[in-house]
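Everything on this sheet refers to the single structure shown next.
Chains as they are written, first to last, in the working numbering: chain A, 12 to 124; chain B, 927 to 1039.
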């Protein structure tokens, strides 16, 4: 298996533009997590899904953020409109079942100018 | 109060030293615990799970104190290659069947010659 795949690896966009981050979890994993990492706040859990259903989105900072998981092999995180303070590394991770190892993608480094 | 708290460091130690990291968690419903390692500009990866009885993996020893809600990681005979950020991770199941992984902000370790 190729592991968790995120795209794009880097994204530079202008303030106000829509940004879509993509994630393909490891096949067979049933939970998917979106995290945001900054120097100041560390790794923050934004939202997570179990069997494609959103379980907890309390970490999503504002209504500008939305996430979907239309099927077991694909998830998106959308920011609309983007702002400079959204600049961070966004990680997607997937897990097979309770108490097992979470595998991370390589992250998307987002810069909003 | 953050759900998982760690001393951010940095810890600067000479090669061969023993170093210990601590972590506290606030939710007593937390069920399982892990240490992850993150190298600069890379994704986090599992270092080891933490069991109530304590566990050891080579030079690394992890311990859990449920009564004090405290987790520790001990690294003996530090190597240059141990330089990284160490993330404390707490897992609980607020929705019954789905894991919620919460990360600490990480403790940075720098091992020097």
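C-beta: ideal position from N, C-alpha, C; glycine also.
Keep in mind it's a predicted model, so treat the numbers as computed, not measured.
For residue 962 (chain B), which option in B:1037, B:1003, B:998, B:1039 has the closest C-alpha, if you only look at C-alpha atoms?
-> B:998
Proximal residues of chain B, C-beta to C-beta of residue 101 (chain A) below 9 Å | Correct list: empty, because the minimum Cβ distance to chain B is about 11 Å.
Beta bridge counterpart(s) of residue 951 (chain B) as assigned by DSSP | B:930
Compute the Euclidean distance between the alpha carbons of residue 991 (chain B) and residue 955 (chain B), then round it to the nearest angstrom.
-> 14 Å
Can you pull the chain A residues whose beta carbon is under 9 Å from the beta carbon of residue 1013 (chain B), in chain order?
-> 53, 54
For residue 986 (chain B) and residue 975 (chain B), believed in contact at Cβ under 8 Å, the rounded distance | About 11 Å; that fails the 8 Å criterion.
Show which residues of chain A have a CB atom less than 9 Å away from the CB atom of residue 1020 (chain B).
-> 66, 67
Nearest chain A C-beta to residue 969 (chain B) closer than 8 Å, yes or no?
-> yes
Would residue 94 (chain A) count as contacting chain B if we go by Cβ distances under 8 Å?
-> no
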